[in-house]
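Peer 1:
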Amino acid sequence: MLIEQITDKTEKETISRQILEALPDWFGIPEAREEYISDSREQIMLAAKENERALGFICLKETGKETVELAVMGVLKEHHRQGIGKSLFNSAKEIAAGKGYSFMQVKTVQMGRYKEYDETNLFYISLGFKEFEVFPTLWDQCNPCQIYVMSLK
């Protein structure tokens, strides 16, 4: 497996579409999925590839002078728990720190709402993210937004 930075906007869109459409348990709302796909064209993207096939990707977006957000991440379900997500994250963290960002944040659904998102929360915690704040209605009442943060210094 190879982690590579993707710079071509069309390739970014193709990879994000391929992966996100294959993950309906996490990206099942068409409007939200399309926004992630569209936004990926302008973000820093890294992809995990094997034999030129994308197995997963991660995108970063600047949210402030000192802060970058892990905007979206996906790994094909049949490749979960193989270290791909962690490798993508570690490479993205290195790039973010190299660009001078002090903090990284990520948003997900609050723990205790859905099994899939509980696994996502545990994954982010295992990477070193710390709970920051919950916004109960940022998305909607059924999906309270948990924000995690991490220092890059």
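Residue numbers for the sequence shown, in my numbering: 10 to 162.
No residue lacks a Cβ here, since even glycine has one placed at the ideal position from N, Cα and C.
1) Please list the terminal residues of the continuous alpha helix (DSSP H) segment that includes C69.
2) Let me make sure I understand the geometry here. Which of F132, R122, Q119, F138 has the alpha-carbon closest to that of G94?
3) Our contact map puts I104 next to M82 with C-beta atoms below 8 Å; I'd like the distance itself, whole angstroms only.
4) Name the DSSP beta bridge partners of C154, please?
5) Hey, out of E140, E125, M159, whose CA is closest to N99's CA?
6) Below 8 Å, how does it come out for the segment 141 to 158 and the segment 111 to 124: are there three or more Cβ pairs, yes or no?
7) Could you check what DSSP says for K21 in three-state terms: helix, strand or coil?
8) What is the residue span of the alpha helix (DSSP H) that E162 lies within?
9) Run through DSSP, which three-state label would D34 get?
10) Leaving out five residues before and five after A80 in sequence, what residues of the same chain have Cβ atoms less than 7 Å from its Cβ?
11) Compute the beta-carbon to beta-carbon distance between L55 and I12, rounded to the nearest angstrom, for a pair I have assumed lies under 8 Å.
12) What does the alpha-carbon distance come out to for the pair Q91 and L136?
13) What number of angstroms, rounded off, separates the C-alpha of E59 from the C-alpha of E44?
14) Give me, in chain order, the residues of the same chain whose beta-carbon lies closer than 7 Å to that of L85; leave out the 5 immediate sequence neighbours on both sides.
15) Tell me where the beta strand (DSSP E) around G83 begins and ends.
Peer 2: Let me lay it out:
1) Before going on, a small fix: residue 69 reads as Leu here, not Cys. Unbroken run through L69 is the beta strand (DSSP E), 62 to 71; no alpha helix (DSSP H).
2) Closest option to G94, Cα to Cα, is F132.
3) Approximately 14 Å separates the beta-carbon atoms of I104 and M82; this is outside 8 Å, ruling out the contact.
4) Per DSSP, V118, F144.
5) Of E140, E125, M159, the residue nearest in Cα terms is M159.
6) Contact annotation: the segment 141 to 158 touches the segment 111 to 124, with at least three C-beta pairs closer than 8 Å.
7) It is helical.
8) Residue identity differs from the one stated: residue 162 is Lys in this sequence, not Glu. No alpha helix (DSSP H) holds K162; DSSP gives it neither H nor E.
9) In this structure, D34 counts as coil in the three-state DSSP scheme.
10) Contacts found: D48, Q52, C68, L69, K70.
11) About 6 Å separates the beta carbons of L55 and I12, which is inside the 8 Å limit, making them a contact pair.
12) In a straight line, the C-alpha of Q91 is about 15 Å away from that of L136.
13) For E59 and E44, the distance between alpha carbons rounds to 26 Å.
14) So the list reads I28, A31, L64, G65, once near-sequence residues are dropped.
15) Segment 76 to 84, the beta strand (DSSP E) holding G83.
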